[in-house]
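Worksheet: the structure to be examined is printed underneath.
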Amino acid sequence: MTPALLRRSYVEATPRERIEALVDAGSFREILDPFARCSSPYLAEQNIVAQRDDGVVIGRARLDGRDVAAIAVDGRFLGGSIGEAGGAKIARALERARDGAFLLLDTGGIRLQEANLGLLAIAEICDAVVALRERAPVVAVIAGSVGCYGGMSIVAALCSQIVMTRVGRFGLNGSEVIEQEAGIGELDARDRPAIWRATGGIRRVEQGHADILSGDDLDELAGALRAAFAAEPNRERLSLERLRRCFAQEAPA
Amino acid sequence: MRGSIWARALLEGPCDAGGFPPSVVVCDGTIGGRPYRTVAVVPNRGARFPRARNGEFGLDEGLAVARAVRGAPPGAALISVVDVPGQAFGRREEAAGISLALAASVAAYIDERRRGRSLFTLVVGKAISGAFLAHGMQSGWIGALNDREVEVHVMPAASVARVTRSSAAEVARVATVVPATARDIATFASFGAVDDIFEVVDANAPAPDEIEAIRAAIDRAREAGLGIRAPLERLERPEAARRALARDVRARIDKAW
Numbered sequence: 007m008t009p010a011l012l013r014r015s016y017v018e019a020t021p022r023e024r025i026e027a028l029v030d031a032g033s034f035r036e037i038l039d040p041f042a043r044c045s046s047p048y049l050a051e052q053n054i055v056a057q058r059d060d061g062v063v064i065g066r067a068r069l070d071g072r073d074v075a076a077i078a079v080d081g082r083f084l085g086g087s088i089g090e091a092g093g094a095k096i097a098r099a100l101e102r103a104r105d106g107a108f109l110l111l112d113t114g115g116i117r118l119q120e121a122n123l124g125l126l127a128i129a130e131i132c133d134a135v136v137a138l139r140e141r142a143p144v145v146a147v148i149a150g151s152v153g154c155y156g157g158m159s160i161v162a163a164l165c166s167q168i169v170m171t172r173v174g175r176f177g178l179n180g181s182e183v184i185e186q187e188a189g190i191g192e193l194d195a196r197d198r199p200a201i202w203r204a205t206g207g208i209r210r211v212e213q214g215h216a217d218i219l220s221g222d223d224l225d226e227l228a229g230a231l232r233a234a235f236a237a238e239p240n241r242e243r244l245s246l247e248r249l250r251r252c253f254a255q256e257a258p259a
Numbered sequence: 009m010r011g012s013i014w015a016r017a018l019l020e021g022p023c024d025a026g027g028f029p030p031s032v033v034v035c036d037g038t039i040g041g042r043p044y045r046t047v048a049v050v051p052n053r054g055a056r057f058p059r060a061r062n063g064e065f066g067l068d069e070g071l072a073v074a075r076a077v078r079g080a081p082p083g084a085a086l087i088s089v090v091d092v093p094g095q096a097f098g099r100r101e102e103a104a105g106i107s108l109a110l111a112a113s114v115a116a117y118i119d120e121r122r123r124g125r126s127l128f129t130l131v132v133g134k135a136i137s138g139a140f141l142a143h144g145m146q147s148g149w150i151g152a153l154n155d156r157e158v159e160v161h162v163m164p165a166a167s168v169a170r171v172t173r174s175s176a177a178e179v180a181r182v183a184t185v186v187p188a189t190a191r192d193i194a195t196f197a198s199f200g201a202v203d204d205i206f207e208v209v210d211a212n213a214p215a216p217d218e219i220e221a222i223r224a225a226i227d228r229a230r231e232a233g234l235g236i237r238a239p240l241e242r243l244e245r246p247e248a249a250r251r252a253l254a255r256d257v258r259a260r261i262d263k264a265w
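This is the structure:
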């Protein structure tokens with residue numbers, strides 16, 4: 007047990023601090039760091055200040071000695087949305103990965119400001135995840151305050167293992183968008199406890215949609231990530247029979 | 009009901025495969041003597057989930073499409089006929105985990121393609137967001153009708169304005185300067201994402217010569233092995249003029265890895 011004062015919170019850490027804390031000490035080497043300038047050229051036109059890494063951090067690291075691709079989406083930049091540059095970073099890192107990959111998914115999904123380029127990127131990322139998981143572990147970690155939504159939630163569902171914390175939420179459409187599009191009678195986005203009960207880490211692990219529940223402490227998450235790499239890929243997650251039973255429970259009477 | 013019209017019209021001797029919900033049309037038939045299966049998601053007013061009654065891609069649709077794809081007859085190529093207004097937005101869907109319904113469909117398409125089954129897509133109407141990701145985007149070959157109602161995007165137009173708290177006029181202006189936010193098929197094709205665009209007089213009533221042209225294009229593409237191409241291969245096509253940034257990022261990663 008780490009003494010309370012020495013505990014470090016995942017939620018409060020930056021994407022780079024998160025990766026550093028989860029992998030073998032000192033092993034992370036970032037590729038296309040902010041000095042490499044890999045920002046979106048489409049945002050200025052929409053009155054948004056771009057970020058030099060386009061909100062995605064990638065690189066190589068060691069995890070119990072394995073040579074893995076580390077990928078983290080920065081939830082603080084445009085809701086962790088995926089545009090052309092960030093999407094290309096994720097897809098290529100997955101393709102280059104040798105002994106597996108992990109994705110720290112703090113993301114609202116496709117970046118609306120780069121709509122169809124994000125859409126294409128996600129289709130490519132899905133294929134890259136499936137190709138990689140046939141030969142090595144691909145682990146999704148959903149533990150940030152944005153959660154994992156939209157097209158990136160499909161990506162997470164394709165991974166061989168999913169680690170969540172109770173703070174992490176895993177869904178397709180965000181509650182604000184559902185309330186706006188379907189009305190407050192469908193969903194009250196202000197009812198935060200209900201949203202976490204339905205889509206948070208505790209529920210998702212209980213449902214069998216996610217695999218490992220961890221605390222927010224970075225050391226504990228580092229252990230959970232290693233456990234996920236050591237585990238067999240979850241082949242049941244997308245089993246049609248299992249999903250049919252899960253979905254039947256939510257059907258209107 | 010464009011989806012069901014085209015799913016049947018594309019095939020010679022179409023025969024509905026039994027055992028699917030009314031929202032998913034599955035047809036088996038041939039083109040030029042070779043076996044094909046078409047799959048379309050269509051409106052079903054009687055769907056048990058109320059947020060998936062207008063053709064949206066919902067929980068049951070994800071499972072049914074995955075089953076139709078994985079269970080296609082041996083040797084048959086798949087054609088995803090796409091007219092989907094989006095994924096189902098609802099509280100029940102989120103609680104159930106609708107992401108997994110879409111992922112089940114995506115996984116089915118990817119697995120079949122990687123095993124060598126040819127995948128084709130014909131966009132005949134709306135191709136929006138998660139629904140298009142789950143049904144159509146994993147194909148090696150994507151064709152589309154040249155029609156006003158054909159559009160590709162990540163959100164319905166009205167929702168974009170609401171979510172970004174801007175006006176419809178501003179959304180339209182941005183689309184002229186940032187092509188990625190445009191909705192028309194010609195712009196989508198400039199990302200190298202579309203292999204063929206077909207002229208039609210009435211997209212709701214396909215004429216025999218229009219159908220013949222599409223069948224011929226698909227069968228040629230099958231012959232050339234285009235149906236088993238991975239999505240990333242699109243990036244390298246000369247037509248992908250507007251994706252230079254993605255290519256550049258990938259090249260820079262390779263240099264540094």
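One line per chain: the protein sequences are A and B, in this order.
Our numbering runs 6 ahead of the 1-based position in the first sequence.
Our numbering runs 8 ahead of the 1-based position in the second sequence.
Virtual Cβ for every residue (Gly too), placed ideally from N, Cα, C.
For the beta strand (DSSP E) assignment, the uninterrupted runs of no fewer than 3 residues enclosed by the segment 104-141 of chain B are, from N- to C-terminal side, 127-136. Legend: CB atoms of the segment 115-130 of chain B lying less than 8 Å from CB atoms of chain A belong to residues Ala115, Ile118, Asp119 and Arg122. Using a CB distance below 7 Å, the part of the segment 145-167 of chain B facing chain A consists of Met145, Gln146, Val160, His161, Val162, Met163 and Ser167, ordered along the chain. Secondary structure note for Phe176 (chain A): it is in no beta strand (DSSP E), with a DSSP letter that is neither H nor E. Considering only B:Ser137, B:Ile222, B:His143 and B:Gly144, the residue with the shortest C-alpha distance to Val162 (chain B) is B:Ser137. With respect to the 7 Å criterion, Phe253 (chain A) and Ala104 (chain B) are classified as neighbours on the basis of their beta carbons. Contact annotation, Lys95 (chain A) with Val132 (chain B): C-beta distance approximately 34 Å; criterion of less than 8 Å not satisfied. Look at Thr171 (chain A): its C-beta is not under 7 Å from any C-beta on chain B. At least one CB of chain A lies nearer than 7 Å to the CB of Pro239 (chain B).
Separation of Ala27 (chain A) and Glu51 (chain A) (C-alpha to C-alpha, rounded to the nearest whole angstrom) is 37 Å. The C-alpha of Pro246 (chain B) is placed about 43 Å away from the C-alpha of Arg99 (chain B).
Taking the beta carbon of Val136 (chain A) as reference, the chain B residues within 9 Å of it are Val114, Ala115, Ile118, Asp119 and Arg122, listed in sequence order. Taking a 10 Å sphere around the C-beta of Lys134 (chain B), we find 16 or more other C-beta atoms and assign the residue as buried. The shortest C-alpha to C-alpha distance from Tyr117 (chain B) to any of A:Ala259, A:Gly32 and A:Val136 is the one to A:Val136. DSSP, reduced to helix, strand and coil, places Leu110 (chain A) within a strand of the structure shown. Not a single CB atom of chain A sits nearer than 7 Å to the CB of Ala25 (chain B).
Around the beta-carbon of Val89 (chain B), 16 or more other beta-carbon atoms lie within 10 Å, marking it buried.
Per DSSP, reduced to three states, the secondary structure at Asn240 (chain A) is coil, with no helix or strand assignment. With three or more CB-CB distances shorter than 8 Å, the segment 65-81 of chain A counts as touching the segment 13-22 of chain A.
DSSP, read as helix, strand or coil, puts Asp73 (chain A) in strand.
Contacts between Ile37 (chain A) and chain B, judged by CB atoms closer than 7 Å, involve Ile261, Ala264 and Trp265 in chain order.
With respect to Val202 (chain B), Ile236 (chain B) sits apart: the two C-beta atoms are not nearer than 7 Å. Counting other Cβ atoms within 10 Å of its Cβ, Glu64 (chain B) reaches 16 or more and is therefore classed as buried. Looking at the DSSP output, Tyr44 (chain B) shares a beta bridge with B:Gly37 and B:Ala85. Leu71 (chain B) has its alpha-carbon roughly 17 Å from the corresponding atom of Gly54 (chain B). The DSSP-derived three-state label of Gln255 (chain A) is coil. Taking a C-beta distance under 7 Å as the contact criterion, Glu20 (chain B) and Thr205 (chain A) do not qualify as a contact pair.
Under the Cβ criterion of 7 Å, Gly174 (chain A) is not counted among the residues facing chain B. Sorting A:Asp39, A:Ser33, A:Ile131 and A:Asn53 by C-alpha distance to the C-alpha of Arg260 (chain B) places A:Asp39 at the top.
In chain order, Ile118, Gln146, Ala238, Pro239 and Leu240 make up the part of chain B whose C-beta sits under 8 Å from the C-beta of Asp133 (chain A). Bounds of the beta strand (DSSP E) holding Ala146 (chain A) are Val144 to Ile148. Within chain A, the C-beta atoms nearer than 8 Å to that of Ala109 (chain B) come from Leu249 and Phe253, in chain order. Exposure of Glu231 (chain B) is indicated by the presence of fewer than 16 other C-beta atoms within 10 angstroms of its C-beta.
Residues of chain B whose Cβ lies closer than 8 Å to the Cβ of Gly32 (chain A) do not exist; the shortest such Cβ separation is about 19 Å. Note on geometry: alpha-carbon atoms of Gly115 (chain A) and Ala224 (chain B) lie some 37 Å from one another. Measuring C-alpha to C-alpha distances from Glu157 (chain B) to each of B:Pro43, B:Ala248, B:Ala84 and B:Val92 identifies B:Val92 as the nearest.
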